[in-house]
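Asks:
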Amino acid sequence: MAPAPQEVDVFSGPHSRMKELVRIYSDKLTATDFSNYAELRGLLWSLRSTFREFKTHECIENECIMLKLRHRLDYLKIENQAVYKIHSDNRLSEMQGLLEEGCNKTEHCHSPSEMVTIGRNISDALEVFTKDFLPHMQEEEECFQPLLMKYFTYEELKRIRYDVLQKHALH
Ligand code: FEO
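Going left to right, the sequence shown walks through residues 323 to 493 as my numbering numbers them.
What follows is the structure in structure tokens.
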């Protein structure tokens, strides 16, 4: 399917930023010496901030896009399980919990081997997260955007995109 015109494309703009964040943490992960306190601390604090941004992105999508799409499909009596399931897992919250735990442990940790364990645990969890997160964004762009195009008017989508971009800019 041809890409949506930019003025009604509600996902691509914010997703460029999310993909950039993924690229940044992937690079940092490979460059970080987990046994070095300053490097591990720098990585974890930056990841914590990145995941707050991911969470904000998800909340904005829920509020500005998914809720409206669900209401529209309900109104039209159309069933679509994917729409109800989107964001229903706790991947982001779980990752945020792990990062909080990693930050707390690192604050009180003075042993290089413990720091390496913390770093490796976070790195493994991030790898799993990223393997889901990139296809998740692709699904939104390739499956949800066409649904929106089908069930909303062009003007409605322009308004939704405006709200989505405004809210991302405010955070
Ligand atoms: Fe655009 Fe649900 O991440």
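Ideal Cβ positions, reconstructed from N, Cα and C, are used throughout, including at glycine.
Assuming Gln460 is part of the alpha helix (DSSP H), what are its boundary residues?
Replies: Sequence index remark: in the sequence shown, residue 460 carries index 138 (1-based). 434 to 461 is the extent of the alpha helix (DSSP H) around Gln460.
Asks: Tell me the residue span of the alpha helix (DSSP H) that contains Cys425.
Replies: Locating residue 425 in the sequence shown gives position 103, counting from the first residue. 413 to 429 is the span of the alpha helix (DSSP H), which, as asked, contains Cys425.
Asks: Taking the alpha carbon of Leu325 as the reference point, which residue from Ser368, Leu362, Leu391, Met471 has its own alpha carbon closest?
Replies: Along the sequence shown, one-based indexing puts residue 325 at 3. Note that residue 325 corresponds to Pro in the displayed sequence, not to Leu. Checked all of Ser368, Leu362, Leu391, Met471; the closest Cα to Pro325 is Met471.
Asks: What did DSSP end up calling Asn384 once you bin it into helix, strand or coil?
Replies: The residue you call residue 384 lines up with position 62 of the sequence shown. Shown here, Asn384 sits in a helix according to DSSP, grouped into three states.
Asks: Does the ligand FEO have a heavy atom nearer than 7 Å to the CB of Phe333?
Replies: Residue numbering aside, residue 333 sits at position 11 when the sequence shown is read from its first letter. Yes, the beta carbon of Phe333 sits closer than 7 Å to at least one heavy atom of the ligand FEO.
Asks: Taking the straight line between their C-alpha atoms, what separation do you get for Ser410 and Arg483?
Replies: To locate residue 410, count along the sequence shown from 1; it is residue 88. To locate residue 483, count along the sequence shown from 1; it is residue 161. In a straight line, the C-alpha of Ser410 is about 22 Å away from that of Arg483.
Asks: Provide the residue span of the alpha helix (DSSP H) that contains Lys273, from first to last.
Replies: Shown here, the chain extends from 323 to 493; a query on residue 273 therefore has no answer.
Asks: Rounded to a whole number of angstroms, what is the C-alpha to C-alpha distance between Gly364 and Asp355?
Replies: The residue given as residue 364 occupies position 42 in the sequence shown. The residue given as residue 355 occupies position 33 in the sequence shown. Going by C-alpha positions, Gly364 is about 11 Å away from Asp355.
Asks: DSSP on Asp396, reduced to helix/strand/coil?
Replies: Here residue 396 refers to the residue found at position 74 when the sequence shown is read from its first residue. Asp396: helix per DSSP, three-state reduction.
Asks: Grouping DSSP H, G and I as helix and E and B as strand, with all else coil, what is Glu401?
Replies: The count along the sequence shown starts at 1 and reaches residue 401 at position 79. The answer is coil: DSSP assigns Glu401 none of H, G, I, E or B.
Asks: Less than 8 Å separating the beta-carbons of Gln418 and Phe373?
Replies: Within the sequence shown, residue 418 is the residue found at index 96, counting from 1. Within the sequence shown, residue 373 is the residue found at index 51, counting from 1. In this structure, the beta-carbon distance from Gln418 to Phe373 falls below 8 Å.
Asks: Compute every distance between the C-beta of Met417 and the non-hydrogen atoms of the ligand FEO, then say whether any falls below 7 Å.
Replies: Walking along the sequence shown from the start, residue 417 turns up at place 95. No - the ligand FEO has no heavy atom lying nearer than 7 Å to the Cβ of Met417.
Asks: With Glu329 and Lys480 assumed to form a contact (beta carbons below 8 Å), what rounded beta-carbon distance in angstroms separates them?
Replies: As a first step, residue 329 must be located in the sequence shown, where it is residue number 7. As a first step, residue 480 must be located in the sequence shown, where it is residue number 158. The pair is a contact, with the Cβ atoms about 6 Å apart (cut-off 8 Å).
Asks: Using DSSP with H/G/I as helix, E/B as strand and the rest coil, what is Ser357?
Replies: Along the sequence shown, read from residue 1 onward, the residue named residue 357 stands at position 35. If DSSP states are grouped into helix, strand and coil, Ser357 belongs with coil.
Asks: Quick one: does the C-beta of His379 sit closer than 7 Å to a heavy atom of the ligand FEO?
Replies: As a working mapping, residue 379 is identified with position 57 in the sequence shown. Because some heavy atom of the ligand FEO lies under 7 Å away, the Cβ of His379 counts as near it: yes.
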